[in-house]
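Asks: For what it's worth, the working numbering labels the leading residue of the sequence shown as 1, then goes sequentially.
Beta carbons are placed, not taken as given, at the ideal position from N, Cα and C, and that holds for glycine.
Quick caveat: nothing in here was measured; it's all calculated off a predicted structure.
Structure incoming, see below.
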Amino acid sequence: MKRRTPSTGKPSKNASGRENIQGRALTSNTTMKLQVDRGRLQAEIEELAKISDGEPPAVTRIVFSETDVRAREWFIQRCWEAGLDVDRDGVGNMFARWNGSEPDAPVVGTGSHLDAIPNAGKYDGVVGVLGGLEAIRALKRSGFQPKHSIELLLFTSEEPTRFGIGCLGSRLLSGTLTPDLARRLVDKDGASLEEVRLKAGFVEPLEDVELGRDYYKAFVELHIEQGPLLEKQKMPLGIVTSIAAPASFRFTIEGAGGHAGGMLMPDRKDALCAAAELILAIENAAKSSGAIDSVATVGICDVFPGAVNSVPSRVNLTLDIRDTSLERRDAAMRAIEAARQSIAAKRGVTIREELVNADAPAQCAPEVVEALTQSCAKHKLAFVSMVSRAYHDSLFMSRIAPVAMLFIPCRNGYSHRPDEYASPEDIERGVLVLAETLASLAA
Ligand SMILES: [Zn+2]
């Protein structure tokens, strides 16, 4: 079993000693009475939302900022109160552990992230972390005693805000990103990941972050849907069976600038007109794939020199392209590549393309999906099977562990904005099913 660094000098003996206060374990899990403390969980979500650099109700928590560090300290305190041992690794992933009766057996994991993009809401990631904590507390209150240890994870930097790469913690944990590449990451102010993680107190070598394929027995992530489908179908729960994965690119289009009056149309190599054609070709590549799961987005378009009377000489574009099928996504990428070449030739401009990242989509593990399904059935809760169109830490956890996700509705499908909202009832149902699922996987 891999050893990690305990968070601050709290002796783990104390932490595990406190577990005994929770009452005696029942002999049979079938007698388990699970009760989610909805009020306490809501109060914690509200309290955490105050640890933010945003103007309320907006939440902003950028990885390794002072605010992020304070949120982590607050989280550790809650975990200790729940009688969990808290460890961490060099990139700042945190592991709050409830030791099972067979502590060396593979671990059942749950969790999500607490970092938030600028001007975000209270629920993205938070529901999976604090909901996971409440699920563990509910299991303890019920008298359940796990055989496999249950670990609550807080992943570092699921959001790409600071270093331009999402799921930093789970990428390193799963070996998808090498420590060498991670050390090269720099934020917009020129501070390296190495610098800021050490400053935030995460000093262990990045080489020790990766976990082997035998570490986790299963991993389940509870999350708000970040889309409108559950709400539209009036479904309380969604069981995720596959996770779409993004590929992202940067395009630089170089044409020729000039005076908007003096440069006549036949002589133009307008970079923005070429960009416009490319953007429409990108839209078409996704629309014509034949599947609703294919999506492609140009979210940034910077025009130089950006003057009203100047022909654009250079344009920078970003492309985010996602699908649940790697083949389909690759086919769309080939179509975009063909368009890039033909537009450049036709318009006499150069279009450079730079791959930022391309991750493979993931299929969820049938045994974890089944555990979630059974848990919904046990509590007579309806669910739909669905695709996660946003990516999550679970995408990377799926490289080293059998993974599935549980979605709850969020109002209007809104996420990454201050009015993001999930109802206390929906959160409670999610936590209940999560707890039941952890129990069945850890028994
Ligand atoms: Zn999230």
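Where the beta carbon is closer than 5 Å to any heavy atom of ligand 1, which residues qualify, in chain order?
Replies: That query returns the following residues: Asp124, Gly125.
Asks: Measure from the alpha carbon of Leu41 to the alpha carbon of each residue in Ala439, Val59, Val431, Thr437, then state which is nearest.
Replies: Counting from 1 along the sequence shown, the entry for residue 41 is found at position 41. Looking at the Cα atoms, Val431 is the closest of the given residues.
Asks: Beta-carbon separation of Leu317 and Cys167 under 8 Å?
Replies: For this step, residue 317 is matched to residue 317 along the sequence shown. For this step, residue 167 is matched to residue 167 along the sequence shown. No, these two residues do not count as a Cβ contact at 8 Å.
Asks: From the DSSP output, which residues share a beta bridge with Ser192?
Replies: If you number the sequence shown from 1, residue 192 lands on position 192. For Ser192, which the question treats as bridged, DSSP gives the partners Val186.
Asks: Restricting to runs no shorter than 3 residues, where is the beta strand (DSSP E) found entirely within the region 210 to 293?
Replies: If we require 3 residues or more, the beta strand (DSSP E) runs fully inside the region 210 to 293 come out as 216 to 224, 237 to 243, 245 to 254.
Asks: Taking C-beta to C-beta, are Asn476 and Thr176 nearer than 8 Å?
Replies: With the chain covering only 1 through 443, there is no way to say anything about residue 476.
Asks: Taking just the CA atoms, how far does Arg213 sit from Leu185?
Replies: The sequence position of residue 185 within the sequence shown is 185, counting from 1. The sequence position of residue 213 within the sequence shown is 213, counting from 1. Whole-angstrom Cα-Cα distance: 26 Å.
Asks: I believe Ala71 touches Leu114 by the beta-carbon criterion, under 8 Å. Please report the beta-carbon distance rounded to the nearest angstrom.
Replies: Indexing the sequence shown from 1 puts residue 71 at position 71. Indexing the sequence shown from 1 puts residue 114 at position 114. Indeed, because the Cβ distance is near 5 Å, the residues count as touching under 8 Å.
Asks: Leaving out the 5 sequence neighbours to the left and right, which residues in its chain are closer than 8 Å to Ala296 when beta-carbon positions are compared?
Replies: Your numbering for residue 296 matches position 296 in the sequence shown. Hits under 8 Å: Ile282, Glu283, Ala285, Ala286, Leu319, Asp320, Ile321, Arg322, Ala332, Ile336.
Asks: Indicate whether Trp80 and Ile136 have their beta-carbon atoms separated by less than 8 Å.
Replies: As a working mapping, residue 80 is identified with position 80 in the sequence shown. As a working mapping, residue 136 is identified with position 136 in the sequence shown. Taking 8 Å as the Cβ cut-off, Trp80 and Ile136 do not qualify as a contacting pair.
Asks: Take the Cβ of Ala441 as the centre, count every other Cβ of all protein chains shown within 10 Å, and call the residue buried at 16 or more, exposed below.
Replies: Locating residue 441 in the sequence shown gives position 441, where the first residue counts as 1. The sequence shown places Leu at residue 441, not Ala. Per the 10 Å Cβ criterion, buried.
Asks: Considering only the alpha carbon of each residue, which of Ser423, Val403, Pro179, Leu34 lies closest to Val107?
Replies: Counted from its first residue, the sequence shown places residue 107 at position 107. Of the listed residues, the one whose Cα sits closest to Val107 is Val403.
Asks: Are the beta-carbon atoms belonging to Ser388 and Val240 less than 8 Å from one another?
Replies: Counted from its first residue, the sequence shown places residue 388 at position 388. Counted from its first residue, the sequence shown places residue 240 at position 240. Yes; because the gap between Cβ atoms is below 8 Å, this pair is in contact.
Asks: Taking the alpha-carbon positions, what's the Pro361 to Ala260 distance?
Replies: Here residue 361 is taken as the residue at index 361 of the sequence shown, counted from 1. Here residue 260 is taken as the residue at index 260 of the sequence shown, counted from 1. Going from the Cα of Pro361 to the Cα of Ala260 covers about 45 Å.
Asks: Under a three-way DSSP split, which group does Ser394 fall into?
Replies: Mapped onto the sequence shown, residue 394 falls at position 394. Looking at Ser394 - three-state DSSP - the assignment turns out to be helix.
Asks: Does the pairing of the region 362 to 372 with the region 242 to 259 give three or more beta-carbon distances under 8 Å?
Replies: Because the criterion of three Cβ pairs below 8 Å is met, the region 362 to 372 and the region 242 to 259 touch.
Asks: Could you compute how far the alpha carbon of Ala49 sits from the alpha carbon of Ile351?
Replies: Position 49 of the sequence shown, counted from the start, is the residue given in the question as residue 49. Position 351 of the sequence shown, counted from the start, is the residue given in the question as residue 351. Taking the straight line joining both Cα atoms gives about 43 Å.
Asks: Evaluate the contact criterion for the region 56 to 74 versus the region 115 to 124: three or more CB pairs, one atom per stretch, below 8 Å.
Replies: Short answer: they touch.
Asks: Please name the residue, chosen from Ile279, Lys346, Arg429, that lies closest to Pro266 on a Cα-to-Cα basis.
Replies: For the purposes of this step, residue 266 is identified with residue 266 of the sequence shown, where counting begins at 1. When each option's Cα is compared against that of Pro266, the closest is Lys346.
Asks: If Val356 and Arg250 are in contact, beta carbons under 8 Å, what's the gap, nearest whole angstrom?
Replies: Taking the sequence shown and counting its residues from 1, one reaches residue 356 at position 356. Taking the sequence shown and counting its residues from 1, one reaches residue 250 at position 250. Val356 to Arg250, Cβ: 6 Å. Contact.
Asks: Could you give the distance in angstroms between the alpha-carbon of Ile279 and the alpha-carbon of Ser313?
Replies: On the sequence shown, position 279 is the one that residue 279 refers to. On the sequence shown, position 313 is the one that residue 313 refers to. Roughly 17 Å separates the two Cα atoms.
Asks: Check whether the Cβ atoms of Glu151 and Val36 lie closer than 8 Å to each other.
Replies: Within the sequence shown, residue 151 is the residue found at index 151, counting from 1. Within the sequence shown, residue 36 is the residue found at index 36, counting from 1. For Glu151 and Val36, no; Cβs fall outside 8 Å.
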